[in-house]
Amino acid sequence: MLSLSLFSSSNKVSVAIARKSKILKLLEITNEHYNIRSDKILELIHEILKIHDNSKITEIILPRGPGSFTTLRNLLSISQGLSITNNARIYTLTTFDIFLPHVRFSNQALLLFFRDSRKDFFFQFFENKDLKWIKSSKIFCGFPNYIKKKITLYSNLRGWKKLKIITDQDGDFPIIGKKAQIININAKSVLKAHFLGLSSTTTKVLYHLKHYAKKN
Numbered sequence: 000m001l002s003l004s005l006f007s008s009s010n011k012v013s014v015a016i017a018r019k020s021k022i023l024k025l026l027e028i029t030n031e032h033y034n035i036r037s038d039k040i041l042e043l044i045h046e047i048l049k050i051h052d053n054s055k056i057t058e059i060i061l062p063r064g065p066g067s068f069t070t071l072r073n074l075l076s077i078s079q080g081l082s083i084t085n086n087a088r089i090y091t092l093t094t095f096d097i098f099l100p101h102v103r104f105s106n107q108a109l110l111l112f113f114r115d116s117r118k119d120f121f122f123q124f125f126e127n128k129d130l131k132w133i134k135s136s137k138i139f140c141g142f143p144n145y146i147k148k149k150i151t152l153y154s155n156l157r158g159w160k161k162l163k164i165i166t167d168q169d170g171d172f173p174i175i176g177k178k179a180q181i182i183n184i185n186a187k188s189v190l191k192a193h194f195l196g197l198s199s200t201t202t203k204v205l206y207h208l209k210h211y212a213k214k215n
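For the sequence shown, the tail end lands on 215 under numbering that gives the first Met the number 0, and the numbers increase by one without skipping.
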């Protein structure tokens with residue numbers, strides 16, 4: 000019984016494989032200077048399945064967004080093809096869920112934000128409830144000024160004294176008014192989030208562009 004995870008962003012693609020909760024292999028392509036074509040992940044899948052018997056794959060785990068429309072659809076199509084071939088079950092996570100295995104419970108609340116192929120940011124708030132990160136807001140989309148307003152609003156509404164802020168973006172975000180911790184996520188992070196029980200069986204992709212689907 001093997002678990003295969005997929006991850007793709009504008010500058011990174013990766014695949015990982017695990018037996019039960021033990022991660023056996025991670026393959027990754029990264030480039031900070033230009034976008035990586037999402038079909039590059041097929042090369043990594045082919046490579047990792049040369050090492051591990053694909054007939055033993057029982058589950059496939061991938062992000063369902065928010066993120067790039069093309070990338071998300073590509074990952075889902077690949078997963079569905081592998082699922083049919085191997086009779087494997089598909090599990091999905093939101094992109095925010097993938098950060099959570101890396102976040103310590105040292106604060107009362109958490110803000111996760113990231114940007115992928117767009118100028119604005121996706122972001123969502125979480126609260127620490129009995130050492131579990133529980134969603135405290137819907138998914139928002141906007142620029143740093145809008146994020147700052149939401150930080151003030153939610154901190155006042157929820158009575159948060161300490162807010163941890165995490166992103167995968169290099170650079171300073173002074174307009175947010177707080178220092179952000181940088182966490183880089185990949186297919187290994189997808190597996191870790193799945194093993195924490197954060198995944199679901201829905202294959203509904205989260206879009207944030209009106210011409211693709213309803214806004215979340």
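For each residue, glycine too, the CB sits at the ideal point set by N, CA and C. Predicted model, so just to flag it, every value in this text is computed and none were measured.
Find the nearest neighbour of residue i within the set the options, judged by alpha-carbon distance.
i	options	result
I224	K21, A15 and S78	Since the first residue shown for the chain is 0 and the last is 215, residue 224 is missing from the structure and cannot be characterised.
E27	G141, A179 and S13	S13
W183	R18, T29 and S20	Note that residue 183 is Asn in the sequence shown, not Trp. Answer by Cα proximity: T29.
E126	L71, L3 and V102	V102
F122	I165, T57 and H45	I165
T202	R157, N73 and L195	N73
K163	I59, I44 and F98	F98
P143	M0, D119, L156 and S82	D119
I138	S54, D96 and Y90	D96
I146	K55, L1, W132 and A179	A179
S82	L197, L3 and I133	L3
S67	K148, L156 and N10	N10
I133	R117, L41 and L197	L197
L1	H45, I60 and K39	I60
K243	I150, R157, Q79 and D52	The structure shown does not extend to residue 243, since the chain is modelled only from 0 through 215, so no value can be given for it.
How close, in whole Å, do the beta carbons of residue i and residue j come, if the pair is a contact with beta carbons under 8 Å?
i	j	result
T93	L190	Incorrect: roughly 15 Å between the Cβ atoms, too far for contact.
F104	L130	5 Å
K187	I77	So it is not a contact: roughly 18 Å between Cβ atoms.
A87	T57	5 Å
F6	P65	Actually they are not in contact, since the Cβ atoms of F6 and P65 sit about 14 Å apart, beyond 8 Å.
Can you find the residues in the same chain that come closer than 7 Å, C-beta to C-beta, to residue i, ignoring five residues on each side of it along the sequence?
i	result
D167	F113, I181, I182, N183 and I184
K160	Q107
P100	S188, K191, A192 and L195
H210	For H210, the pLDDT reaches just 38, beneath the cut-off of 50, and the residue's location in the model is therefore unreliable, although a value from the coordinates is still provided. Counting only Cβ-Cβ distances below 7 Å, and skipping sequence neighbours, we find nothing.
I50	K24
A212	With a pLDDT of 39 at A212, under the threshold of 50, the modelled position of that residue is not reliable, and the figure given next carries that caveat. Once the five neighbours on either side are set aside, the close Cβ partners of A212 are Y206.
Return the chain-ordered list of same chain residues with a C-beta closer than 6 Å to the C-beta of residue i, the five sequence neighbours on each side being excluded.
i	result
F124	L110, S135, S136 and Y153
S8	D115
G141	D119
From the DSSP output, read off the bridge partner residues of residue i.
i	result
N127	W132
F113	F121
F139	F122
L61	T91
A108	E126 and L162
S82	Answer is none; S82 lacks a bridge partner.
I77	The partner list for I77 (beta bridge, DSSP) is empty, contrary to what the question assumes.
L1	R18 and I56
I181	T166
Near residue i, what residues of its chain come up, given a Cβ to Cβ distance below 8 Å and the 5 sequence neighbours on each side ignored?
i	result
S199	Y90, T91 and L92
L43	V12, S13, V14, L26, E27 and I28
L41	I77
S54	N85
Quick check: is the beta carbon of residue i nearer than 9 Å to any beta carbon in chain C?
i	result
L205	Of the protein chains in the structure, only one exists, and it is not chain C.
Practice problem: Ignoring anything shorter than 3 residues or poking outside the stretch 3–55, list the beta strand (DSSP E) runs there in chain order. | Solution: 11–18 and 21–29
Quiz item: Counting only runs that start and end within the stretch 146–171, where is the beta strand (DSSP E) found for 3 or more residues in a row?
Solution: The stretch 146–171 contains these whole beta strand (DSSP E) runs: 162–166.
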